[in-house]
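Undergrad:
2 protein chains.
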Amino acid sequence: MDDIFQALSDATRRQMLRDLAQGERTIGQLAQPHGMSLVAASKHVKMLERAGLLRREIRWRSHVCHLQAAPLAAAYAEIGAYERFWTGALDRLDQLLRDEDSTSETSPKHGDTA
Amino acid sequence: MDDIFQALSDATRRQMLRDLAQGERTIGQLAQPHGMSLVAASKHVKMLERAGLLRREIRWRSHVCHLQAAPLAAAYAEIGAYERFWTGALDRLDQLLRDEDSTSETSPKHGDTA
DNA sequence: TTCTCGATTAACCATAAGGTTAAATTAGCA
DNA sequence: TGCTAATTTAACCTTATGGTTAATCGAGAA
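Residue numbers (this note's numbering), protein chains in the order written: chain F, 2 to 115; chain G, 2 to 115.
As structure tokens, this is what we get:
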């Protein structure tokens with residue numbers, strides 16, 4: 002999980018993923034829009050590979066990369082667990098209840114039923 | 002966006018967020034379950050703050066931290082853009098199992114040709 | 001055999017992460 | 001006038017990131 006979010010924490014790599022969503026790409030093709038060296042691109046690809054987000058298929062000289070999206074499901078779920086906190090209604094109600102509650106004990110008042 | 006995924010890329014910080022989802026916590030309370038120093042916890046909190054995921058309220062000695070989930074929406078959307086690539090894989094598997102075709106293709110590619 | 005060329009490895013650099021300990025900050029309290 | 005206690009800041013260490021250039025690899029082509 003660390004590796005997945007780590008992989009996503011760089012704009013270059015997020016762009017590479019978007020690129021790969023369009024279809025297979027070689028290292029050079031991934032490097033080109035960023036104006037970076039093959040070495041730099043290769044490192045990014047390696048990090049995406051480590052996170053399980055990229056599959057590499059070596060065809061002669063070229064290393065052809067494919068998106069491997071499955072691991073994103075876990076990351077998606079992790080963030081999705083907080084969805085109710087940003088989707089407004091519940092959040093606002095919760096805020097209201099918290100403001101009204103003068104007995105600010107450190108109790109789990111933020112979560113369970115809301 | 003970088004900062005958000007960066008903040009999420011550490012298990013300690015993800016746990017802190019889960020903790021904050023239960024209610025407000027001081028730096029010390031956030032540090033305690035991880036057996037780490039206040040200094041270390043303070044650094045993590047600072048990163049969460051930089052990512053906009055945490056709001057700090059100084060009450061006398063204690064820095065009381067609150068979850069600020071709104072920025073997660075963008076990260077959620079970013080990952081969600083790939084949803085079809087992993088649900089598609091499941092669809093494909095489902096179809097494979099239902100068809101019970103003689104061609105035992107064990108290479109579930111993320112369906113496009115591009 | 002030798003050339004080509006996409007990619008990797010090696011070496012290096014600067015900066016950031018994640019942790020530590022020691023010292024400074026700070027506002028109420030005795 | 002201090003004392004207390006939760007945090008922060010400062011200084012330091014080790015490892016990881018993100019980039020570079022130079023050298024190496026490997027298999028098809030000439």
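Ideal placement from N, C-alpha and C gives every residue a C-beta, glycine not left out.
All of these numbers come straight from a predicted model, not from anything done at the bench.
(1) List the endpoints of the continuous alpha helix (DSSP H) containing G:SER43.
(2) Please list the terminal residues of the continuous alpha helix (DSSP H) segment that includes F:LEU18.
(3) Using a C-beta cutoff of 8 Å, does G:ASP11 count as contacting chain F?
(4) Strictly below 8 Å CB to CB, what residues from chain F border G:GLU79?
(5) What's the gap between the Cα of F:TRP87 and the Cα of F:ALA32?
(6) What does DSSP give as the partner residues of F:ARG26 in its beta bridges?
(7) Could you give the C-beta distance for F:SER63 and F:THR27, rounded to a whole number, given that I count them as a contact under 8 Å?
(8) Quick one: residues in its chain with C-beta nearer than 6 Å to the C-beta of F:ARG56, no 5 flanking neighbours on either side, listed in chain order?
(9) Taking 8 Å as the CB-CB cut-off, is F:ASP20 touching chain G?
(10) Anything in chain G within Cβ reach of F:ALA74, meaning under 7 Å, just list it in chain order.
(11) Who does G:GLU58 pair with in a DSSP beta bridge?
(12) In this structure, how does DSSP classify F:TYR116 when only helix, strand and coil are distinguished?
(13) Give a yes or no on whether the C-beta atoms belonging to F:ASP3 and F:ARG51 are separated by under 8 Å.
(14) Tell me the residue span of the alpha helix (DSSP H) that contains F:GLN7.
(15) Thinking just about the alpha-carbon of each residue, which of G:MET17, G:TRP61 and G:SER10 is nearest to the one in G:SER43?
(16) For G:ALA71, collect the residues of the same chain with a Cβ closer than 7 Å to its Cβ; drop the 5 residues on either side in sequence, then sort them by chain order.
(17) Are there 16 or more other CB atoms within 10 angstroms of the CB of G:ILE59, so buried, or fewer, so exposed?
TA: Short version:
(1) Here the alpha helix (DSSP H) through G:SER43 covers 39–51.
(2) 12–23
(3) yes
(4) LEU9 and ARG15
(5) 36 Å
(6) F:CYS66
(7) 4 Å
(8) If you ignore the 5 residues before and after F:ARG56, its C-beta comes within less than 6 Å of the C-beta of HIS67 and GLN69, all in its own chain and listed in chain order.
(9) no
(10) Think of a sphere of 7 Å around the beta carbon of F:ALA74: the chain G residues whose beta carbon falls inside it are TRP87, in chain order.
(11) G:VAL65
(12) Lying before the first or after the last residue shown, residue 116 of chain F is absent from chain F, which here runs from 2 to 115.
(13) no
(14) 3–9
(15) G:MET17
(16) The answer is none, since no qualifying residue turns up.
(17) It is exposed - the Cβ of G:ILE59 has fewer than 16 other Cβ atoms within 10 Å.
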